[in-house]
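Quick notes on the structure that follows.
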C-alpha cells in the first residue's frame, strides 16, 4: 500500500495521467492556493480526488491543501498569481477554512485590514461558515463530523453573527 503526495506548489501532479491511482491516502500540501487549484484542474484531478475521498481515501492537507478541501478557495490568504478556471474546490467539507488565521492585535499601530475584517467582507457576498484556523490547530473529519484539535484553537465566522471561538476537542457538522 502506498500514498499519493502532492508536493508544495503541486509540481508532482503536473503531467500525471488523468486517472488518480488507487491508494489509501493523499496528502495535499501548501504553496499558493491559486496555483495548486489550477494545477489540479490541469491534471484532470479536480473531480477525481473528491470522489476517491468520498469512497474512503484519506485526505490529509496543510495550508493550501486545506483551502482545496472547502467548497471554494475564496477565503485563501494567497495572491492570485495564476488564473484557475473558477474558484470551486473539492467540497469535502461544508465550510470554508482560512488557514494561518491571526487574531487582531489591539495594541498594533498597523492600520490595514485584519483577517476578521476580510472575512466580514467575504460574508457580504457569501453565506458559507468560515473557520479561522490558527497555526498549531487542525480539523479531523470523520462520519460527517469535524473535530478541532491542537493547542491554538480556531474562530468560527457565521454570516450575521459575532465571531465565536471553536473549543478544542469539540465537533460540528462537516
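Numbering (our numbering), first residue to last: 759 to 932.
C-beta: ideal position from N, C-alpha, C; glycine also.
When Cβ pairs closer than 8 angstroms are counted between the two stretches, the stretch 785-792 is seen to touch the stretch 836-845, the count reaching three or more.
For the set 863, 813, 796, 818, the Cα lying nearest the Cα of residue 897 is the one of 818. CA-to-CA, the gap between residue 835 and residue 857 works out to about 8 angstroms. Counting only unbroken stretches of 3 or more residues, the beta strand (DSSP E) elements lying wholly within the stretch 808-889 are 816-819, 854-857, in sequence order. Of 871, 921, 825, the smallest CA-CA separation from residue 847 is found for 825. Around the Cβ of residue 866, a 10 Å sphere holds fewer than 16 other Cβ atoms; the residue is exposed. Taking C-beta atoms as the reference points, residue 882 and residue 921 fail to come closer than 8 angstroms. Secondary structure at residue 797: helix, using DSSP grouped into helix, strand and coil. Under the 10 Å beta carbon count, residue 837 is surrounded by fewer than 16 other beta carbons and is classified as exposed. Within the DSSP secondary-structure output, residue 923 pairs in a beta bridge with 913. The C-alpha of residue 849 lies about 32 angstroms from the C-alpha of residue 863. Within a 10 Å sphere around the beta-carbon of residue 889 sit 16 or more other beta-carbons, which makes this residue buried.
Shortest Cα-Cα distance from residue 916 to any of 884, 907, 895 involves 884. The criterion of a C-beta distance shorter than 8 angstroms is not satisfied by residue 895 and residue 877.
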